[in-house]
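Numbering (my numbering), first residue to last: -13 to 47.
Note that beta-carbon positions come from the ideal geometry of N, C-alpha and C, so glycine has one too.
Some notes on the structure that comes next.
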(Lines of atoms letter the chains of each structure in order from A and count residues from 1; the text may use other names and numbers.)
(Lines give C-alpha, C1' and ligand atoms only; values in the text may rest on other atoms or scores of the structure.)
Protein backbone atom coordinates (compact mmCIF):
# COMPACT_ATOMS: atom_id res chain seq x y z
CA UNK A 1 0.00 0.00 0.00
CA UNK A 2 1.62 3.27 -1.03
CA UNK A 3 1.82 6.39 1.11
CA UNK A 4 -0.76 8.31 -0.92
CA UNK A 5 -3.35 5.55 -0.48
CA UNK A 6 -2.68 5.41 3.26
CA UNK A 7 -3.19 9.18 3.58
CA UNK A 8 -6.40 8.92 1.57
CA UNK A 9 -7.58 6.09 3.83
CA UNK A 10 -6.87 8.09 6.98
CA UNK A 11 -8.71 11.17 5.67
CA UNK A 12 -11.75 9.09 4.82
CA UNK A 13 -11.65 7.41 8.23
CA UNK A 14 -11.66 10.86 9.86
CA UNK A 15 -14.76 11.77 7.85
CA UNK A 16 -16.48 8.56 8.97
CA UNK A 17 -15.65 9.25 12.63
CA UNK A 18 -16.98 12.81 12.36
CA UNK A 19 -20.20 11.70 10.66
CA UNK A 20 -20.89 8.87 13.10
CA UNK A 21 -20.13 11.06 16.13
CA UNK A 22 -22.34 13.84 14.79
CA UNK A 23 -25.24 11.44 14.23
CA UNK A 24 -24.98 9.89 17.69
CA UNK A 25 -24.58 13.23 19.44
CA UNK A 26 -28.01 14.15 18.08
CA UNK A 27 -29.49 11.30 20.15
CA UNK A 28 -29.21 10.29 23.82
CA UNK A 29 -26.55 7.61 23.32
CA UNK A 30 -23.78 6.49 25.63
CA UNK A 31 -20.07 6.85 24.86
CA UNK A 32 -19.44 3.10 24.74
CA UNK A 33 -22.15 2.61 22.10
CA UNK A 34 -20.67 5.44 20.06
CA UNK A 35 -17.19 3.98 20.36
CA UNK A 36 -18.37 0.52 19.28
CA UNK A 37 -20.21 2.00 16.30
CA UNK A 38 -17.20 4.01 15.14
CA UNK A 39 -14.91 0.99 15.45
CA UNK A 40 -17.38 -1.17 13.52
CA UNK A 41 -17.56 1.30 10.62
CA UNK A 42 -13.79 1.82 10.54
CA UNK A 43 -13.13 -1.92 10.47
CA UNK A 44 -15.55 -2.40 7.59
CA UNK A 45 -14.13 0.56 5.69
CA UNK A 46 -10.54 -0.63 6.18
CA UNK A 47 -11.44 -4.16 5.04
CA UNK A 48 -13.03 -2.73 1.89
CA UNK A 49 -9.96 -0.59 1.12
CA UNK A 50 -7.59 -3.52 1.62
CA UNK A 51 -9.78 -5.71 -0.57
CA UNK A 52 -9.92 -3.02 -3.24
CA UNK A 53 -6.14 -2.56 -3.18
CA UNK A 54 -5.62 -6.33 -3.36
CA UNK A 55 -7.90 -6.53 -6.39
CA UNK A 56 -5.98 -3.70 -8.07
CA UNK A 57 -2.62 -5.37 -7.39
CA UNK A 58 -3.87 -8.67 -8.84
CA UNK A 59 -5.05 -6.92 -12.02
CA UNK A 60 -1.65 -5.29 -12.55
CA UNK A 61 0.24 -8.59 -12.30
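- For residue 9, the enclosing alpha helix (DSSP H) has its first and last residue at -11 to 11.
- CA-to-CA, the gap between residue -4 and residue 3 works out to about 11 Å.
- The residue among -12, 1, -6 and -11 with its C-alpha nearest the C-alpha of residue 27 is 1.
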